[in-house]
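Heads up: the sequence shown is residues 1082 to 1469, going by this note's numbering.
For reference, the structure is listed below as C-alpha cells.
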Amino acid sequence: MGKRFIQRIPKKPVFKKNTYEIPKSYTDSYERAGITDSYEQKMLFHLTQFGGFRAKKVTQEMNSDKDFLDRWFKQSYDNGFYNFRANTAFIQKFGDVELKPLLRTWQIDCLNEDEMKECGFSKKEINESFDFLYKLNKFYSDIRIDIRIPKTGMTAKDLAQIQKFHGIPFLVKKPRAGGRFFHPGTSYQRISSSLRPFMTINDEKTAELDLTAATIQFLDIIMKESSMGSLEDTVLSHDDPYQYFMSTIDSYKLMQAHEASAGREEVKDILYTAIYSPKNRQKANVDRKLMEKYYSHSILVSLFPEFFNPLYRLKSKKKEPLHMIINKEESRYAQNVLQKACLEKSIPMMPIHDSFVAPKHRIKELEKCMNDASYELYGKKLPYKRKY
1082 MGKRFIQRIP KKPVFKKNTY EIPKSYTDSY ERAGITDSYE QKMLFHLTQF GGFRAKKVTQ
1142 EMNSDKDFLD RWFKQSYDNG FYNFRANTAF IQKFGDVELK PLLRTWQIDC LNEDEMKECG
1202 FSKKEINESF DFLYKLNKFY SDIRIDIRIP KTGMTAKDLA QIQKFHGIPF LVKKPRAGGR
1262 FFHPGTSYQR ISSSLRPFMT INDEKTAELD LTAATIQFLD IIMKESSMGS LEDTVLSHDD
1322 PYQYFMSTID SYKLMQAHEA SAGREEVKDI LYTAIYSPKN RQKANVDRKL MEKYYSHSIL
1382 VSLFPEFFNP LYRLKSKKKE PLHMIINKEE SRYAQNVLQK ACLEKSIPMM PIHDSFVAPK
1442 HRIKELEKCM NDASYELYGK KLPYKRKY
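Rendered as C-alpha cells:
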C-alpha cells in the first residue's frame, strides 16, 4: 500500500477555494474509469493527493451521491470530524497514479500595503514592489515545477512535503522580514535540501547557485555604505569566511573540556543565532539554543569583539533589528537578479533567499545575471558556488 494512503489525512485542504487545477494525469485516469463529473473528480483528487480528507460536516453535494462515496471511500467519524479515506477499491484502481504537485492559480497582484507602511517602506518602494511582483508572478504563471524522486527512495517525510508541494511558482514580499521574497505554503523554498536536486523546472533538471556566506557579505556591504568599517581584512579574508570563527571556537571548546573541532554548519548556526537575536534576557529561546552548544551571547561577543561590536553600532545607527537591515540588502540584490534573469532574459529561475535555482542548460546565463547585478549594485562580484 502506498505511504500516502496510511498517513494522517488533512482537513479539507483544497475544498474551500476554487483556485486549484487537478493535474491532467489524474483526470485522465478518472475519465478512463468513467468518472467525468467535475465535483466527483475533485473528491477523488483528494484521495490521490492526500489519501483522503477530514470535514466538520458532510455537504449536500457529497450526500447527493451516496453510491459514489460507498464505491471509493472508507468513511468514519472521530473527534468531531468525518473522515473520508481511500478504500481498497480506490487503491487498486488509482493507487499507482504518480503523485503531482498542487497547481494553484495565484492572485498575482498580492501585496500587503498596510504592513509595508508599518515596517517603514516608502510609498515609492511600495509602488515599485507592487509593479515588480505583478510582472514577476505573471511570468511565473506559465512555469511548472515538479519533484522527480524515485518512489523507492521516498521517505514518509519526503512524501509529506511532496503532497503539498506547489507546482506553480509565486512570490510575495514579507515586510517584517525586510522585504524578503517568499513563496507561500510548501514550496521549492521550504522543501528539504535532499529533495531539491530532484526538482525540475518545465520538465528540465535544475542547478542551484548559492552566495558564499551571504549574510556576512551583505553585512560588509552595509557597513561600508554606512562608513562603519569593513570585514574584508578579517572574516572575508578567508576563502570560506566561517574558517575565521572555527579555530577560535575550537580553542574555546578545548578550554571548556568539550569536544573539539566545531563543524562548519555548527559554527554557522551558532553565529547566525547570535547575529539575528537581541540580548538573551529579551529572547530566552535564543539563549537556550546557544547554551545547548555551550555558548552564550556574551561569550560569542567576547570571542569576536571585532565582529559583533560594529554590528551593534550599525543596529543603533539604523534603528532597526539586524535581520531587517540584512534582509533589505539581500532583497535588493535578489530583485536585481530576478529583473535581469526573469523579466529581461526570460530565464525560468527562482530565488531561495540568497541562492537561485534554474534549469541546468541556462545556468551560465544566470551566473552572468548574478555577476551583472553585483557589479551594478556594489562594483564587484559577490562570490558564489554551485550546490548541485
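The beta carbon of each residue, even a glycine, is placed where N, CA and C say it ideally should be.
From a predicted model like this one, the values you see are computed outputs, not experimental measurements.
Using the Cβ count rule (16 or more neighbours within 10 Å means buried), how would you classify residue i?
i	result
E1285	exposed
G1132	buried
V1418	buried
Q1173	exposed
A1170	exposed
H1319	exposed
E1289	buried
A1439	buried
S1436	buried
G1156	Note that residue 1156 corresponds to Gln in the displayed sequence, not to Gly. With fewer than 16 Cβ atoms within 10 Å of its Cβ, Q1156 is classed as exposed.
D1118	exposed
D1301	buried
S1210	buried
A1355	buried
S1308	exposed
Q1141	exposed
P1250	buried
Y1269	buried
Q1363	With a pLDDT of 45 at Q1363, under the threshold of 50, the predicted position of this residue should be treated as unreliable, though the coordinate-derived value follows. The residue in question, Q1363, is exposed, as its Cβ has fewer than 16 Cβ neighbours within 10 Å.
7 Å is my cut-off, CB to CB: does residue i come that close to chain C?
i	result
P1391	No chain C appears in this structure, which consists of one protein chain only.
Starting from the C-beta of residue i, find all residues in its chain whose C-beta is less than 7 Å away, skip the five residues before and the five after it, and write them out in chain order.
i	result
N1059	Since the first and last residues shown for the chain are 1082 and 1469, residue 1059 lies out of range.
Q1242	T1267, I1272, S1273, L1276
C1423	L1217, F1220, M1430
F1126	I1103, Y1107
T1129	Y1107, F1175, V1178
E1446	K1426, I1428
S1110	F1175, V1178
V1382	F1389
I1090	F1131, G1132, G1133, F1134, R1135, N1164, R1166
D1239	I1230, L1276
Are residue i and residue j close, meaning C-beta to C-beta below 7 Å?
i	j	result
T1100	T1236	no
P1432	A1415	yes
I1228	M1304	no
F1326	E1411	no
Y1469	P1182	no
R1135	N1160	no
P1391	G1259	no
G1023	I1226	The requested residue 1023 does not occur in the structure, where the chain is confined to residues 1082 to 1469.
R1257	N1408	no
T1329	L1384	yes
M1197	I1189	no
E1194	F1149	no
K1349	Y1323	yes
H1404	Y1357	yes
K1399	I1406	yes
Could you pull out every residue in the same chain whose Cβ sits closer than 6 Å to the Cβ of residue i, ignoring the five residues on either side in sequence?
i	result
V1253	C1191, F1263
P1402	none
R1443	I1428
K1092	R1135
R1345	Y1323
L1312	D1301
Tell me, to the nearest whole angstrom, how far the beta carbon of residue i is from that of residue j; I am working on the premise that it is less than 8 Å.
i	j	result
T1293	F1388	Not quite, the Cβ-Cβ distance comes to about 17 Å (not below 8 Å), so this is no contact.
L1458	R1413	7 Å
I1224	N1283	6 Å
K1137	F1162	6 Å
T1287	K1421	With 8 Å as the limit, T1287 and K1421 do not qualify as a contact, their Cβ atoms being about 19 Å apart.
Q1244	L1180	7 Å
Below 8 Å CB to CB, which residues in the same chain sit around residue i once its five sequence neighbours on both sides are set aside?
i	result
M1372	Unreliable positioning characterises M1372 in this predicted model, as indicated by a pLDDT of 46, which lies under 50. A coordinate reading is not provided.
K1466	L1290, D1291, T1293
Y1158	N1164
G1115	none
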